[in-house]
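I have placed the structure first, in the form of structure tokens, so that the comments after it can refer back to it.
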Amino acid sequence: MRGKARRKAEERAPLTTPASIWELLGMCRAAAVDPEARSEGYGLAGLPLQRDAWRFYKLLLPIALLGPILTCVMMLLVLPHYVADVIRVIDTVVESVLTSPFLCIMLIAVPAVAGLVMNVLNIGALLLRLHRGLQPAPLPPSLACCELLHVVVIPAYKEPLEVLHRTLDSLASQTVTRERVVILLALEDADRGASATFEHLRQRYKGTFAGFWGTVHTLQPHEEAGKASNVNTAVRLLYESIVVDGIDPEAVMMTVCDADSTFAPRFLEHLECAFHRQPDGKDFLYDSPLNTPLNTWGNFLDKPFNWIVLHHELKRCLAHTSTMFLGRAPCYSNYSLTLALAHKMDYWTVDNVPEDIHTYNKVSLINRAALPTVPVYSLIVNDLVPGMSDRFVQAKRHSWGITEVPWLMAIYGHPKVEFRTWLGLLLQSLSTEIMAASLPVNITLFFPVTWQIVLGIAPLARYFLLAVMIYAFVLSAVAENILLFFVWYVLLRDHPTIRKPRVLTLDLQPEGPSLAGHLGDWSRVTKGASGNRDVLCVTRFGVWGDAKSYTVFVFGRCLTHAPARPALLSNRVQVPRILEAHSMNSDL
Numbered sequence: 002m003r004g005k006a007r008r009k010a011e012e013r014a015p016l017t018t019p020a021s022i023w024e025l026l027g028m029c030r031a032a033a034v035d036p037e038a039r040s041e042g043y044g045l046a047g048l049p050l051q052r053d054a055w056r057f058y059k060l061l062l063p064i065a066l067l068g069p070i071l072t073c074v075m076m077l078l079v080l081p082h083y084v085a086d087v088i089r090v091i092d093t094v095v096e097s098v099l100t101s102p103f104l105c106i107m108l109i110a111v112p113a114v115a116g117l118v119m120n121v122l123n124i125g126a127l128l129l130r131l132h133r134g135l136q137p138a139p140l141p142p143s144l145a146c147c148e149l150l151h152v153v154v155i156p157a158y159k160e161p162l163e164v165l166h167r168t169l170d171s172l173a174s175q176t177v178t179r180e181r182v183v184i185l186l187a188l189e190d191a192d193r194g195a196s197a198t199f200e201h202l203r204q205r206y207k208g209t210f211a212g213f214w215g216t217v218h219t220l221q222p223h224e225e226a227g228k229a230s231n232v233n234t235a236v237r238l239l240y241e242s243i244v245v246d247g248i249d250p251e252a253v254m255m256t257v258c259d260a261d262s263t264f265a266p267r268f269l270e271h272l273e274c275a276f277h278r279q280p281d282g283k284d285f286l287y288d289s290p291l292n293t294p295l296n297t298w299g300n301f302l303d304k305p306f307n308w309i310v311l312h313h314e315l316k317r318c319l320a321h322t323s324t325m326f327l328g329r330a331p332c333y334s335n336y337s338l339t340l341a342l343a344h345k346m347d348y349w350t351v352d353n354v355p356e357d358i359h360t361y362n363k364v365s366l367i368n369r370a371a372l373p374t375v376p377v378y379s380l381i382v383n384d385l386v387p388g389m390s391d392r393f394v395q396a397k398r399h400s401w402g403i404t405e406v407p408w409l410m411a412i413y414g415h416p417k418v419e420f421r422t423w424l425g426l427l428l429q430s431l432s433t434e435i436m437a438a439s440l441p442v443n444i445t446l447f448f449p450v451t452w453q454i455v456l457g458i459a460p461l462a463r464y465f466l467l468a469v470m471i472y473a474f475v476l477s478a479v480a481e482n483i484l485l486f487f488v489w490y491v492l493l494r495d496h497p498t499i500r501k502p503r504v505l506t507l508d509l510q511p512e513g514p515s516l517a518g519h520l521g522d523w524s525r526v527t528k529g530a531s532g533n534r535d536v537l538c539v540t541r542f543g544v545w546g547d548a549k550s551y552t553v554f555v556f557g558r559c560l561t562h563a564p565a566r567p568a569l570l571s572n573r574v575q576v577p578r579i580l581e582a583h584s585m586n587s588d589l
């Protein structure tokens, strides 16, 4: 069946596109789905919409406040009456453990070694799989007739062309043959430049992909503006076209991404390999590591960014990536699924905002809350927001994930929802979307009773607890930094669309102007004066032999002039000729 689907896909390459994007606009308006007229028979069709959960929104605040209120009651009203007892128990337990060799081994040494071993095994296995993501993943000969047709859905709304160019360039460099890659650009009617954007991109990438399709979504009264309603319309039209052409939807793998997504060259290849590793891969989501800030060098050099934002995003991405091997985490932003699964889950809920988490929950309902996400150990990199204000806007959008809790309440008792599956998803959403956000672990440090206990216990117990916390912190920090450096210096080292620093040794000619007075103390980064976005960043300088040489980071392939900002350089300085070039990239 899939071999037949692949042959049909090849026969139609390049896929046809309407002469005008506004023809598709009429199609989208005609295909707008009335939520009251949906079929009740197949898959998850007929499940309550997000608006059916509005009546439960009033419960969110009490649920979110429950944890902090109980904590305050415990720390302010209950625990102060038992401070002496708590101190006595802690001192007794710590002294007993430290004075007994058996208890010291069983309760300190064994857990410490076990935690270390588990971290080493988890990180080691994860790094091994991520490294394999750089290697070819050919299908065995028995599956040669089961190759998938890849459709990459890119929802875009007023996106800069250079951002879309970068995304499409990364897709154009995929190792999967172009006859099996189709681009579906999902645009919005509210974007006045949608038609020009589509025509420009279609002409620029003409012949690069098997097809370059475009849809225009017109917001309906019952819809919420955002990714879900746009992707819903685009994929419904895609399904209609695929079925009409006789292609098996189970042989069509869709990747839904953001407009600023940069794909590793072998992503689609490893996605297909992950699909065929499953006994029945059509009912799973496929997710790659969350990597928002790992193209930080490009953002850092183009414009200043906030270090607090960077730190938060790094922690968030590393936490998600570190759970890929042994943990359970929902997909975010970029994910893949078969067209058959999209049809089975009744596509995307048009009035839902957190479409990625919502998709995860709907797929979990289909496979009964098993592990619905299959990891793909190949990177998709997204842009990092530069400042606190942009991060605040992004955080507000992420906070819509809390609305999954009332939606799960709304589907309780539905004939297509099993109780055990529903209860597991509800508890998971309560834990991840509400309790983890509303009750941080270190909140107890702000209560006086905590410090009464800390200062009241014996010094031996205090040092022991401090050592335990330091050990846990160091273990976590080492694992995170190993993962971060591995991603940056190994996985992204030769990434073709992410510019990496080149280390150049410059020879200062005696007759040329001296750079020492200008570059010696320069630690900031600016754009290049040549207009091609090349930048120069001095990291250190010194003297080697008789020639003065400076080691610098250069982004881009050529450096014609030193940056000429009056605040940093008093005059324009000619860059001397390059004596040596050492690159983190192999293509310098």
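For what it's worth, our numbering labels the leading residue of the sequence shown as 2, then goes sequentially. For glycine and all other residues, C-beta sits at the position ideal for the given N, C-alpha and C. From a predicted model like this one, the values you see are computed outputs, not experimental measurements.
Under the three-state reduction of DSSP, which class applies to P141: helix, strand or coil?
coil
Tell me where the beta strand (DSSP E) around H151 begins and ends.
150-156
Mind checking which residues open and close the beta strand (DSSP E) that includes W1?
Past the edges of the chain, shown from 2 to 589, lies residue 1, and the structure says nothing about it.
Cα-Cα separation between V177 and R203, rounded to whole angstroms
20 Å
When the Cβ atoms of the region 324-342 are set against those of the region 369-378, are three or more pairs found closer than 8 Å?
yes
8 Å Cβ shell around L476 - same chain, five flanking residues per side excluded:
G116, L117, N120
Leaving aside the five residues before and after D259 along the sequence, list all residues of the same chain whose C-beta is less than 7 Å from its C-beta, in chain order.
S334, N335, N383
Just reading off the alpha helix (DSSP H) that D357 is part of, what are its end residues?
356-367
Identity of the residue in S97, Q395, L144 nearest V310 by Cα:
Q395
Which residue or residues does DSSP assign as beta-bridge partners of M374?
Correcting the residue type first, residue 374 is Thr in the shown sequence and not Met. Answer is L286.
Suppose the cutoff is 7 Å on Cβ atoms and the five residues either side in sequence are ignored; what does the same chain contact list for I403 look like?
L61, E434, I435
Report yes if the CB atom of L342 is closer than 8 Å to the CB atom of H151, and no otherwise.
no
Inter-residue Cα distance where the pair is Q453 and A330:
38 Å
Per-residue DSSP class, three states only, for L185:
strand
Taking 8 Å as the limit between beta carbons, can you name the residues of its chain near L319, skipping five residues before and five after?
E481, L484, L485
Mind checking M389: buried by the 16 CB within 10 Å criterion, or exposed?
exposed
Among G44, E163, R133, nearest to L380 - alpha-carbon criterion:
R133
Extent of the continuous alpha helix (DSSP H) run through Y590:
One cannot answer for residue 590 here, as it falls past the ends of the chain, which runs 2 to 589.
For S400 and V354, I'd like the C-alpha separation in whole angstroms.
10 Å
Same chain, Cβ closer than 7 Å to T350, neighbours up to 5 away in sequence not counted:
L50, Q51, A229, H359
Can you tell me whether V406 is helix, strand or coil according to DSSP?
helix
Does the distance from the C-beta atom of Q136 to that of P266 stay below 8 Å?
no
If we count the other Cβ atoms within 10 Å of its Cβ and call it buried at 16 or more, is D347 buried or exposed?
buried
Are L467 and L99 touching if we call contact CB-CB under 8 Å?
no
How should C274 be labelled, buried or exposed, when 16 other C-beta atoms within 10 angstroms of its C-beta is the threshold for buried?
buried
Any C-beta of chain B sitting closer than 8 Å to the C-beta of A110?
In summary, chain B is missing from the structure at hand, where a single protein chain is found.
Same chain, Cβ closer than 6 Å to L80, neighbours up to 5 away in sequence not counted
V450
What residue does the beta strand (DSSP E) around Y336 start on, and which one ends it?
336-339
My output table needs one value for T209: the three-state DSSP class, helix, strand or coil.
coil
C-alpha distance - V491 paired with R130, whole-angstrom precision
13 Å
According to DSSP, what are the bridge partners of N292?
V382
Name the two residues that bound the continuous beta strand (DSSP E) containing V253.
253-257
Between which two residues does the alpha helix (DSSP H) harbouring F103 extend?
102-105
Using 8 Å as the Cβ pair cut-off and three pairs as the minimum, do the region 148-162 and the region 177-196 touch?
yes
Pick helix, strand or coil for R534, following the three-state DSSP scheme.
The pLDDT assigned to R534 is 37, lower than 50, so where the model puts this residue is not dependable; a value taken from the coordinates is nonetheless given after this. Note: R534 maps to coil in three-state DSSP.
Give me the Cα-Cα distance between M255 and E189, rounded to the nearest whole angstrom.
20 Å
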